[in-house]
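Engineer: Each residue of the sequence shown is one higher than the one before, counting from 1 in UniProt numbering.
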Amino acid sequence: MYTLVSSQTGHMAFRVSRFDEVTSLQEQKGYNYYNILLVTKGSGQLFEYTFQENALLALGLYQPFQVKGAVEGILINFHPDFFCIYKHEEEVACNGVLFNNIYAPPLMQLTASEMSALLNIVKQIEAELSRPALAQYEVVMAFLKIFLINASRMKVERQEGLVPVGNEPFILQSLKDAIERDYRKEHSPGYYAGLLNITPKALNKLSKTHFNRTLGGLIAERIMTEAKRELYMTVKPVKRIAFELGFSDEFYFSRFFKNNAEVSPVVYRETLVYRSVE
């Protein structure tokens, strides 16, 4: 295990470690950092998704997960204060691709050459962390950027290769466009079903078939993605964020947030940003 800590707090900023079938990845709680798993051997299951060796799994902040199966590989953790995917959206573009993509599985199968390319970057990170050196923080961050850019490119290429067939993809694209346009004011699955002239039951079935999520789940995840962004990127009061996201009651928003993130909006905000040690 190689760990880079914040010089101000001593908290973990970046970590890379290796795991094997003896290591338990089955009860990982949600923490205030991003998780990337590179599965080099074995097969398993993440949520409702199955994967084989040469898989990349990407999980966001405070996202609890279970990996079932005998697997080996590498686990990368990084705190958003070390590398904020929102601040680096334009240069890295992993937000909405590797992370916070409510319409795509949080994993992808890699080719052997793709896995080798990512592992080579990890080896360079490990070599850098194995010895104290000038500007180590910046060098590791640069390698992480390269890793995320390459992984994002791989996933984008897969998404661009998908070919819509029939009417269902058209309906689903219309659903995605509608949620993106109206999620700040419309939270009801029935609203989107009516907008698309389809019954809520039928639209929910399509959503579960293609996105592995209920229609209500898709709407909730989109609201949560924006709520987390606002809490991290701004100093707006929680009450204002709640109002801007279509909640008339701050306490209802807090309950909604906690049900989806396991922590309250206030705790989420407080634990994301490193504070100077007194």
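Even for Gly, the Cβ is constructed at its ideal location relative to N, Cα and C.
Among Gly190, Ala104, Ala142, which one has its Cα closest to the Cα of His210?
Structural biologist: Out of Gly190, Ala104, Ala142, Ala104 has the C-alpha closest to the C-alpha of His210.
Engineer: Could you say which of Ile125, Phe19, His187 lies nearest to Leu4 if we only look at CA atoms?
Structural biologist: Between Leu4 and the set Ile125, Phe19, His187, the nearest pair of CA atoms involves Ile125.
Engineer: Among Ile149, Arg229, Glu128, whose alpha-carbon lies nearest the alpha-carbon of Val140?
Structural biologist: Glu128
Engineer: Please report the Cβ distance between Met233 and Asn260, rounded to the nearest whole angstrom; I am assuming they are in contact, meaning their Cβ atoms lie under 8 Å.
Structural biologist: With 8 Å as the limit, Met233 and Asn260 do not qualify as a contact, their Cβ atoms being about 19 Å apart.
Engineer: Look at the alpha carbon of Asn167 and the alpha carbon of Leu196, and state the distance between them as a whole number of angstroms.
Structural biologist: Here Asn167 scores only 45 on pLDDT, less than 50, and its place in the model is too uncertain to base an answer on.
Engineer: When DSSP labels each residue in this structure, what does Arg181 get in the three-state scheme?
Structural biologist: Of the three classes helix, strand and coil, the one that applies to Arg181 here is helix, per DSSP.
Engineer: Looking only at its own chain, which residues have a Cβ that is under 6 Å from the Cβ of Phe47, when we skip the five neighbours before and after it?
Structural biologist: Cβ-Cβ distances below 6 Å link Phe47 to nothing in the same chain once the five nearest sequence neighbours on each side are left out.
Engineer: Taking 8 Å as the cut-off, decide whether the C-beta atoms of Asn77 and Arg15 are in contact.
Structural biologist: yes
Engineer: Under a three-way DSSP split, which group does Phe247 fall into?
Structural biologist: For Phe247, the secondary structure class from DSSP, reduced to helix, strand or coil, is coil.
Engineer: Return the CA-CA distance between Leu118 and Leu175, expressed in angstroms with no decimal places.
Structural biologist: 34 Å
Engineer: Could you tell me which residues DSSP pairs with Phe51 in its beta bridges?
Structural biologist: Gly44
Engineer: Only counting the same chain, and skipping five residues up and downstream in sequence, which positions put a Cβ closer than 6 Å to that of Leu162?
Structural biologist: Here Leu162 scores only 48 on pLDDT, less than 50, and its place in the model is too uncertain to base an answer on.
Engineer: Alpha carbon to alpha carbon, what distance is there between Asn212 and Phe256?
Structural biologist: 21 Å
Engineer: Let me confirm a value: Leu134 is counted as buried when at least 16 other C-beta atoms fall within 10 Å, else exposed. Which label applies?
Structural biologist: Classification for Leu134: exposed.
Engineer: Take Glu221 and list the residues in its own chain whose beta-carbon comes closer than 8 Å to its own, dropping the five residues that flank it on each side.
Structural biologist: Cβ neighbours of Glu221 beyond the five flanking positions: Ile102, Arg213, Asn260.
Engineer: Please identify the residue among Asp81, Thr50, Asn32, Tyr33 whose C-alpha is closest to the C-alpha of Ser7.
Structural biologist: Minimum Cα distance to Ser7 is reached at Asp81.
Engineer: Roughly how many angstroms lie between the CA atoms of Asp20 and Leu38, to the nearest whole one?
Structural biologist: 11 Å
Engineer: Check this for me: beta carbons of Gly60 and Tyr34, under 8 Å apart or not?
Structural biologist: With contacts defined as CB atoms closer than 8 Å, Gly60 and Tyr34 qualify as a contacting pair.
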